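Before any comments, here is the structure.
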Amino acid sequence: MILSLLYTNNRYNVTAYFNYQSQKTTIYNKKKKVHKKKNTEYIGDSTIIYQNPEDVKISGDNTNNLIYIYLESFENTFLDTENGGIKNVNCLPELTELAKQNTNFSNTDQLGGALPFTGTTWTIASMTSQFTGLPLKVEVANDMDQQNRFMPGAKTIGDILNENGYIQELMIGSQKEFAGTDKLFLQHGFDKICDINSLKQEYSFKSNELNQWGLDDYKLFELAKNEITQLAQTGKFNFTMATIDCHMPKGFLCKYCPNTYENRYENIYACQSKLINSFIDWCKSQSWYENTTIVLVGDHPTMAQQYVNDVPSDYQRTTYNCFINSKVTTDQIKNRQFTHMDMYPTTLAAMGFNIEGNKLALGTNLFSELPTIIEKYGQDYINEEVQKSSEYLDKNIYQFN
3 MILSLLYTNN RYNVTAYFNY QSQKTTIYNK KKKVHKKKNT EYIGDSTIIY QNPEDVKISG
63 DNTNNLIYIY LESFENTFLD TENGGIKNVN CLPELTELAK QNTNFSNTDQ LGGALPFTGT
123 TWTIASMTSQ FTGLPLKVEV ANDMDQQNRF MPGAKTIGDI LNENGYIQEL MIGSQKEFAG
183 TDKLFLQHGF DKICDINSLK QEYSFKSNEL NQWGLDDYKL FELAKNEITQ LAQTGKFNFT
243 MATIDCHMPK GFLCKYCPNT YENRYENIYA CQSKLINSFI DWCKSQSWYE NTTIVLVGDH
303 PTMAQQYVND VPSDYQRTTY NCFINSKVTT DQIKNRQFTH MDMYPTTLAA MGFNIEGNKL
363 ALGTNLFSEL PTIIEKYGQD YINEEVQKSS EYLDKNIYQF N
């Protein structure tokens, strides 16, 4: 029992968690007067840690549609060493080429991605951090379904796009109620959610198209084409979806998965790489493609521990990202230090929105010249601060029951 307690404390840093909860952070409620030079574009202030999105002017003419895909457990570890992973053979050749041909923000001079960060490293937390620019409070974990409202004080990507007339839909192969996913999106600007239950009412599925979480990804992408085709006829749209086949503890093999690799997980990854690439090829053949930004982001490093036991202790595991058809570009894509919270303003910028000051919540627009908050202040400091209690978050953002 003693050894188990010691292991648990070491693995999940329980002592540190309770220690931080007894402390308070003020990073969210520090106000700083902005000094703008006349006749010059205001690119922002790198010393600002938290920027309330309600105070930011966000504008844009002729902005793009958005297709945003959360890739379950997709990390760069499974690339070969030549491209930034640890493997001898690359099981993600198609996604590697997509990242190289488009924009991939990396923590190294190879392909890379976002650093794991407190409150962002499980599915609903990752969705929340990318959607709001804020980490999800660790103590609520997957329990936000028990709240009436999901962070009602947060201004999200969904809220901003709703204000700009976008029709928005989320498609997932699992149940929308899990962890409060339906509340996060429907209460923040989304018009519709297609989940396993609503899809079963509209379509019939064979047993080999389903897994213990819901619908296999190859079938989900097939149905996604139908939904996007309908959305594109309504005007500007945001179609967001999440994959599931790489979910722990061992992922889900489908009828299209190869048997090329000894590692079961690599076969699933290889299947996903082809599946996603095929979907992007379909997008390219559509009339709306040129006016649509596509964002592919791994939601968190895999929790299927048996498949990452060979990861060297000095290797930094990061999640995959790729921005396709971005309306802005930058040369500052390599050797960056960033988290999923930075996806919030970066996605809007890629769509063609202008974000005054290039900061939203704790996120920084990676296409801008500003350093992220962990580049400016260090990951350890910011990580400590977000683990502390915050009256501002509880009162203004979460507004708990």
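Each residue of the sequence shown is one higher than the last, beginning at 3 in the working numbering.
All C-beta atoms, glycine included, are put in the ideal place defined by N, C-alpha and C.
Note that the structure is predicted; figures quoted are calculated from it, not measured.
query                                                                                                                                                                          : result
Would you decide whether Pro251 is buried or exposed? Buried here means 16 or more other CB atoms lie within 10 Å of its CB.                                                   : exposed
Whole angstroms are fine: how far does the CA of Lys178 sit from the CA of Gln381?                                                                                             : 33 Å
State buried or exposed for Ile4, treating a residue as buried only when at least 16 other CB atoms are found within 10 Å of its CB.                                           : exposed
DSSP has Leu188 in a bridge; who is on the other side?                                                                                                                         : According to DSSP, Leu188 bridges with nothing at all.
Would you check if there are 3 or more beta carbon pairs closer than 8 Å linking the segment 110-117 to the segment 336-352?                                                   : yes
Pull up the DSSP beta-bridge partners for Cys324, would you.                                                                                                                   : Leu298
Would Gln53 and Gly86 be called neighbours here (beta carbons separated by less than 7 Å)?                                                                                     : no
As a quick exercise: from Leu364, Gln401 and Phe355, pick the residue whose alpha carbon is nearest that of Glu165.                                                            : Phe355
Along the chain, where does the alpha helix (DSSP H) that runs through Tyr383 open and close?                                                                                  : Gln381 to Gln389
Counting Cβ pairs, one atom from each stretch, are 3 or more of them under 8 Å apart for the segment 273-286 and the segment 88-97?                                            : yes
Assign Phe241 to one of three DSSP states: helix, strand, or coil.                                                                                                             : strand
Considering Ile198, what are the terminal residues of the alpha helix (DSSP H) in which it resides?                                                                            : Ile198 to Glu204
Consult DSSP for Ser280 and reduce its assignment to one of helix, strand or coil.                                                                                             : helix
Among Ser287, Leu368 and Glu171, whose alpha-carbon lies nearest the alpha-carbon of Gly46?                                                                                    : Leu368
Check the DSSP bridge columns for Gly365 and list the partner residues they point to.                                                                                          : Leu362
Alpha helix (DSSP H) containing Gln232: first to last residue?                                                                                                                 : Asp219 to Leu233
Leaving aside the five residues before and after Asn293 along the sequence, list all residues of the same chain whose C-beta is less than 7 Å from its C-beta, in chain order. : Asn66 and Asn67
Buried or exposed for Leu7, going by 16 or more other Cβ atoms inside 10 Å?                                                                                                    : exposed
The beta strand (DSSP E) spanning Ile162 covers which residue range?                                                                                                           : Looking at the DSSP string, Ile162 is not in any beta strand (DSSP E); the run it does join, the alpha helix (DSSP H), is Ile159 to Glu165.
Between which two residues does the alpha helix (DSSP H) carrying Ile88 extend?                                                                                                : From DSSP, Ile88 is part of no alpha helix (DSSP H); its letter is neither H nor E.
Which stretch, first to last residue, makes up the beta strand (DSSP E) that contains Gln170?                                                                                  : Ile169 to Ile174
Check whether the segment 213-231 and the segment 243-261 are in contact - that is, three or more C-beta pairs closer than 8 Å.                                                : yes
Can you give the beta carbon distance from Met146 to Ala181, rounded, assuming they're within the 8 Å contact cut?                                                             : 6 Å
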